[in-house]
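Asker: Pasting in a structure now, in structure tokens, and then I'll have a few things to ask.
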Amino acid sequence: MSFNVEREDLDLASLVEIVFSWTFNDVRNQNFCRHKVEKIPHTFMTVTNYLNSFIPSLVEETHSDLSSSLYGVNRAPFCEILIATPERSKSFISSKFLLYQISVSRTKNDTEDVGPYQPEVGDLIALTDFKPKTVEDLNRPRRYYHIAYVYGSKESSGEISILSSKCIDMEVDSNYLRSNNAPKLYAVYLLNLTTNIRIWKALNSELEGAKMNMIKKVLQADSNNGENCQLCIYGENHIDIAACSKVHTMIQSENLNESQKDAVLSSVSMRECHHSDTIKLIWGPPGTGKTKTVASLLFSLLKFKARTLTCAPTNTAVLEVAARLQNLVEKSLEHDVDTYGLGDIVIFGNRSRMKVDCYRCLQDIFLDYRVSNLLRCFAPFTGWKHYLESMIALLENPSKKYAQFVKKEYHSYKEDKKNSIMTFEQFVKMRFSSIVAELKLCKKTLYTHLPTSLFPFEEMKKIPIALDLLTSLESSMCKAKLKQTLDDHGDGESIFDCLGRLNNTTEDCVCLLRSLLKKISLPNITEKYEIEKFCLMNASLIFCTASSSTRLFTEGMTPIKFLVIDEAAQLKECESAIPLQLPGLHHAVLIGDERQLPAVVKSTVTEEAGYGRSLFERLVSLGYKKHLLNTQYRMHPSISLFPNKEFYEEQLVDAPIVREMSYNRCFLEGKMYASYSFINIAKGKEQRGRGHSSKNMVEAAVISKIIGSLKEEFHRTRKKVSIGIISPYNAQVYEIQEKIKPNNSISDPNFSVSVRSVDGFQGGEEDIIIISTVRSNEDAKIGFLSNRQRANVALTRARHCLWILGNETTLEKSDSIWKELVLDAKERGCFHNADEDKKLAEAIEDALLEIEFLDESESPFKKLSLQGKSETFATTSRGSMSTRGSQYNRGSSRGRGRTRPWQPRW
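Residue 772 in full-length UniProt numbering is what sits at position 772 of the sequence shown, and the numbering runs on without skipping anything.
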């Protein structure tokens with residue numbers, strides 16, 4: 001059963017009502033919801049208990065998200081509201097809400113990198129009379145804290161429906177509003193509540209029948225414990241050996257290893273089980289071909305026409321696995337039609353957020369693109385059926401069609417005799433060519449976008465034959481003179497008679513067209529939402545984010561029997577509860593790695609409560625069996641050695657490709673720059689940077705020097721290289737980005753440098769990875785750097801070289817994973833001191849002097865001595881024999897007086 005309108009509005013109203021009930025001070029109070037949040041248990045007695053356990057954490061996470069947004073309001077996009085008109089809606093049953101229709105202008109934002117803001121459904125906005133610069137600007141006299149929720153929008157009219165927490169005291173006279181003296185009203189973006197509202201609906205839904213089955217499976221550890229159904233394996237209804245053989249043949253060309261093959265075969269065999277609902281876990285450590293395995297599984301399910309939903313936590317993850325699957329499908333085609341069968345695959349979601357345009361290969365399977373194409377193909381006057389009928393009528397009686405044309409054009413001719421009416425020959429040739437062109441467009445649409453269940457392959461093969469016949473006939477018409485001839489009854493003869501039967505075989509064309517008209521029966525639907533539902537109902541494979549799967553809870557929707565969740569260990573369990581409630585669902589496969597980073601949560605309260613925990617992780621903790629993908633294809637063996645031992649109990653093996661000599665690439669000379677090394681930055685200085693995040697300017701300077709050396713080597717060899725720089729701290733990411741800007745000033749596609757946080761690098765890989773650990777203090781405090789999952793992600797992104805920068809003393813005393821790493825590097829002879837390298841030693845000294853200078857210039861107690869120090873800097877930069885000055889001046893002729901900012905030599 002789908003969510004009906006009343007239920008949907010009640011659920012939405014409940015969460016939005018809670019948000020609206022918070023005062024300005026409530027939102028700013030970080031402890032406001034703390035007392036209501038309890039730790040989420042590992043097992044549950046009832047479905048109600050299970051769903052209710054997540055609700056307090058969801059509310060707290062929403063509160064934390066909103067609080068964070070308020071403090072960043074000075075950088076938020078905004079637009080001006082031109083008109084706000086009150087509206088009463090019978091469908092929205094809560095009387096506590098004020099519904100308005102607004103129209104906005106796309107104000108150009110003065111904030112850097114922020115374009116014009118157009119409110120979208122799900123946005124929570126603040127209403128203000130000027131662009132706020134601080135959080136306090138949202139709560140001032142005459143314009144106290146006022147927020148609204150974007151409830152709906154119409155693209156055609158530009159009207160936006162909002163639910164307002166207060167009355168909007170604004171004139172509705174558009175002429176007055178546009179006058180110079182009119183008060184302004186702005187909508188300032190705070191956050192999007194769409195995902196939270198979808199989770200809220202799922203947690204508050206009334207489950208019954210089939211919708212409870214899969215939820216019941218995850219409440220506690222099952223006796224089956226992740227194994228395949230025993231009745232299917234040993235009983236009368238044993239697994240179809242022939243079907244397994246078919247799957248094996250299909251995936252043979254993909255060169256899957258044994259663990260990948262076993263994962264695919266055991267998962268596909270679940271579709272035959274009718275005894276119980278099943279959940280299978282596939283464990284995919286870094287570099288083990290997880291996405292390849294998922295794509296092969298989906299490819300097999302597609303061949304069996306098993307209706308399957310594939311979800312992932314993010315749009316990017318959804319697009320990645322969809323792109324891999326589409327590539328498999330296109331490679332497997334056994335005919336010349338390279339898009340036939342894509343109609344069985346569909347992706348849907350918010351186009352602007354998904355950024356499908358960046359994946360051009362996926363446009364053919366994206367729902368919005370498909371609907372716009374089918375809309376034209378299904379249309380009564382521009383579609384496939386119309387043009388087929390028009391061509392048949394033209395071929396059988398061109399004189400009749402010409403007479404109709406003349407009759408229609410006669411009045412135009414009388415009014416403007418300068419424009420003569422086309423001759424019969426001109427009309428027939430023009431009309432014939434235009435219909436053929438339209439049929440060719442329709443053909444591409446049918447091949448690409450129509451589900452194969454409605455477009456059998458045998459019928460599909462007839463279309464190019466018919467179009468070839470029409471093209472041949474068109475060629476004959478171009479060479480012939482067409483005469484209009486009439487029979488004894490005054491009716492026109494067929495076009496073949498007009499051609500004097502130049503090609504008798506073309507008479508078969510009409511029979512073929514009539515057959516196509518009869519056999520390819522398109523649905524009689526012309527509304528966009530009807531075509532969207534048609535596509536979703538008839539697709540075999542559907543892709544979307546887990547939260548977006550609410551769209552499949554539609555009355556009359558074809559049941560989904562198979563669920564695949566990719567990156568399942570990064571998906572909050574409460575979010576996975578959405579697709580698990582799909583009617584008709586019997587089998588689920590979760591693919592992930594709970595030893596890498598979990599879902600991101602904003603609130604420390606909800607993090608401690610376990611709100612970020614995935615269903616995958618909880619089932620593993622309950623003893624569910626997980627199928628391990630045991631061969632890694634990414635890392636050089638010297639890189640994989642430590643994470644394999646530390647995180648995966650040495651269960652992983654290196655693939656032959658990474659053990660080959662050619663995989664051992666040297667990018668810089670010296671043992672320090674071998675495939676794996678720890679580079680000790682003993683003189684590093686840990687500081688506070690942006691947003692109270694940590695940074696280490698010495699490590700940043702060393703990285704900048706290394707990147708400079710890599711750039712020089714690239715210019716010498718012209719060998720393509722990709723470099724990733726990872727740091728757990730955002731302030732350090734920013735510091736490194738600023739330091740390496742000179743080396744990135746000229747972009748080259750063969751030399752790429754990406755600087756991101758650990759969280760931002762999950763799922764990524766590069767030729768070289770440089771890790772900046774940042775922490776450098778006498779107390780051996782390393783904060784969330786000690787997180788094992790975060791360390792695992794950082795250490796497993798490199799293909800050929802992994803260079804780790806850190807303070808040996810701090811890390812070794814930290815009693816964490818990093819202590820083990822330093823000791824391991826020493827034992828393996830992979831430990832190096834940065835100042836062993838002359839260039840790095842110079843960079844370190846320059847960075848230390850820069851830090852000292854900045855510290856002195858920022859200190860209010862040293863301003864009296866600052867001028868003298870500045871003069872010393874200026875003097876030494878011109879060649880003073882001061883020892884300290886010579887350190888500043890090595891290889892440089894730039895002055896460093898007070899009037900100029902410090903410019904490091906690199």
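Built from N, CA and C at the ideal position, the CB exists for glycine as well.
In this text, all values refer to a predicted model and were calculated from it rather than measured experimentally.
Grab me the residues of V793's own chain with a C-beta within less than 7 Å of its C-beta, minus the 5 sequence neighbours each way, in chain order.
Answerer: Q596, L597, V758, F761, Q762
Asker: Does the segment 569-578 come close enough to the segment 542-556 that 3 or more CB-CB pairs lie under 8 Å?
Answerer: yes
Asker: Looking only at its own chain, which residues have a Cβ that is under 8 Å from the Cβ of C167, when we skip the five neighbours before and after it?
Answerer: L98
Asker: Using a threshold of 7 Å, state whether the C-beta atoms of D508 and V294 are closer than that.
Answerer: no
Asker: Do the segment 804-821 and the segment 841-852 touch if we need at least three Cβ pairs shorter than 8 Å?
Answerer: no
Asker: As a quick exercise: from M422, V104, L446, pick the residue whose alpha carbon is nearest that of S373.
Answerer: The sequence shown places Asn at residue 373, not Ser. The option with the nearest alpha carbon to N373 is L446.
Asker: With distances taken Cα to Cα, identify the nearest neighbour of S621 among L580, A569, L517, L513.
Answerer: A569
Asker: Excluding sequence positions up to five away, which residues of its chain have a Cβ less than 6 Å from the Cβ of I40?
Answerer: S53, A609, G610
Asker: Measuring only the C-alpha atoms, how far is residue 949 from L517?
Answerer: What is shown of the chain runs 1 to 906, which leaves residue 949 out entirely.
Asker: Could you say if the segment 53-71 and the segment 635-643 meet the contact criterion of at least three C-beta pairs nearer than 8 Å?
Answerer: no
Asker: Please report the residue range of the beta strand (DSSP E) in which N192 lies.
Answerer: Per DSSP, N192 belongs to the beta strand (DSSP E) from 186-192.
Asker: With P86 as the anchor, note down where its beta strand (DSSP E) starts and where it stops.
Answerer: Unbroken beta strand (DSSP E) run through P86: 78-87.
Asker: So the alpha helix (DSSP H) T48 belongs to, where does it begin and stop?
Answerer: Start and end: 47-52.
Asker: Just to confirm, is the Cβ distance from residue 989 to R307 under 7 Å?
Answerer: Residue numbering for the chain in the displayed model covers 1 to 906; residue 989 lies beyond these limits and cannot be assessed.
Asker: For my contact list, F678 and C830 are in at a C-beta cut-off of 8 Å; report their separation, rounded to the angstrom.
Answerer: Contact annotation, F678 with C830: C-beta distance approximately 6 Å; criterion of less than 8 Å satisfied.
Asker: Note down the Cα distance separating E649 from V564, rounded to an integer number of angstroms.
Answerer: 27 Å
Asker: How is H146 classed by DSSP in three states: helix, strand or coil?
Answerer: coil
Asker: Buried or exposed, going by whether 16 or more other CB atoms sit within 10 Å of the CB of K739?
Answerer: buried
Asker: With a threshold of 7 Å on Cβ separation, who are the neighbours of R351 within its own chain once the five nearest residues in sequence on each side are excluded?
Answerer: Within the same chain, Cβ atoms closer than 7 Å to the Cβ of R351 are found at D368, the five residues on either side in sequence being excluded.
Asker: To the nearest angstrom, report how far apart A825 and L802 are at their CA atoms.
Answerer: 12 Å
Asker: How would you write the range of the beta strand (DSSP E) that L776 sits in, first residue to last?
Answerer: It should be noted that the sequence gives Ser, not Leu, for residue 776. Element bounds for S776: n/a, residue is neither H nor E.
Asker: With distance defined between alpha-carbon atoms, name the residue in R360, M354, K429 nearest to M391.
Answerer: K429
Asker: Looking at the structure shown, is N204 part of a helix, part of a strand, or coil, going by DSSP?
Answerer: In the structure shown, N204 sits in a helix (DSSP, three-state: H, G or I).
Asker: Mapping DSSP to helix, strand and coil, what is E686?
Answerer: strand
Asker: Identify whether G152 lies in helix, strand or coil by the three-state DSSP scheme.
Answerer: strand
Asker: I need the DSSP call for S662, collapsed to helix, strand or coil.
Answerer: helix
Asker: Grab me the residues of A126's own chain with a C-beta within less than 6 Å of its C-beta, minus the 5 sequence neighbours each way, in chain order.
Answerer: L138, I147, V188, L190
Asker: Could you name the residues of the same chain whose beta carbon sits closer than 7 Å to that of V16, not counting the 5 residues immediately before and after it, in chain order?
Answerer: Y149, L163
Asker: Taking the runs of the beta strand (DSSP E) that are 3 residues or longer, which of them lie wholly in the segment 571-597?
Answerer: 587-592
Asker: Check whether the Cβ of F457 lies closer than 7 Å to any Cβ atom in chain D.
Answerer: Among the protein chains of the structure shown there is no chain D, as only one such chain exists.
Asker: Out of curiosity, what's the CA-to-CA distance linking Y144 and L849?
Answerer: 49 Å
Asker: Which residue from L513, R514, F534 puts its Cα closest to that of P523?
Answerer: The option with the nearest alpha carbon to P523 is F534.
Asker: State the start and end residues of the unbroken alpha helix (DSSP H) segment that holds C377.
Answerer: 367-378
Asker: Can you give me the C-alpha to C-alpha distance between G891 and S603, rounded to a whole angstrom?
Answerer: Confidence at G891 is low in this model, with a pLDDT of 37, below 50, so its placement is unreliable and no value can be given for it.
Asker: Over what stretch of residues does the alpha helix (DSSP H) that includes I706 continue unbroken?
Answerer: 697-717
Asker: In whole angstroms, what separates the C-alpha of L325 from that of L536?
Answerer: 18 Å
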